[in-house]
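Participant: Here's a structure for you.
Residue numbers (the numbering used here): 682 to 842.
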């Protein structure tokens with residue numbers, strides 16, 4: 682199996698470090714995948730940097746991982762594609778339980794739907810989202826079912842009003 686060439690990843694890491702200083706938390710290579718970490722205070726700015734100042738202009742996905750025993754509780758990630766060289770990068774930040782993330786709508790208007798999904802299923806609030814309401818579940822649904830502390834058997838009957 683060919684080795685992953687880390688030179689382009691390190692070059693992008695230097696650009697992120699130059700732009701965001703100590704708010705750029707580094708990069709991690711794991712199983713031939715690169716993840717760039719930023720402080721939540723520069724989340725939207727770093728996403729905008731990827732879109733407007735690099736070739737990673739396509740928002741492919743926004744997702745989250747719940748670590749209920751950890752503080753901050755959530756990892757929030759975007760995957761951005763470069764149509765130029767058919768590659769992708771992952772940008773991540775960490776959020777406390779009720780800490781809002783800045784919306785990415787000003788960078789990618791379509792991010793609103795991804796953010797609504799993360800709100801609906803994980804309860805992650807997005808500051809500045811123009812329509813932060815449930816997307817997949819009923820409006821009166823109680824709880825966020827992709828949180829790891831959500832009951833495996835589903836919501837109590839009282840969740841349905």
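Even for Gly, the Cβ is constructed at its ideal location relative to N, Cα and C.
Would you please state the rounded distance, in angstroms, between the beta carbons of residue 774 and residue 821? I believe it to be under 8 Å.
Facilitator: Residue 774 to residue 821, Cβ: 30 Å. No contact.
Participant: Below 8 Å, how does it come out for the segment 740-750 and the segment 791-805: are there three or more Cβ pairs, yes or no?
Facilitator: Short answer: they touch.
Participant: Between the segment 720-729 and the segment 775-788, are three or more C-beta pairs nearer than 8 Å?
Facilitator: Yes, since at least three Cβ pairs between the segment 720-729 and the segment 775-788 fall closer than 8 Å, the two stretches touch.
Participant: For residue 740 versus residue 755, is the C-beta distance shorter than 7 Å?
Facilitator: Not a contact, by the Cβ cut-off of 7 Å.
Participant: Measuring alpha carbon to alpha carbon, tell me which residue in 763, 725, 831 is nearest residue 704.
Facilitator: Per the Cα distances, 725.
Participant: Closest to residue 727 by C-alpha separation, out of 753, 819, 785, would be which residue?
Facilitator: If we check each option's Cα against that of residue 727, 785 comes out closest.
Participant: Between the Cα of residue 717 and those of 765, 824, 769, 828, spot the shortest distance and give me the residue it belongs to.
Facilitator: Nearest option by C-alpha distance: 769.
Participant: What residue does the beta strand (DSSP E) around residue 769 start on, and which one ends it?
Facilitator: From DSSP, the beta strand (DSSP E) with residue 769 extends over 768-776.
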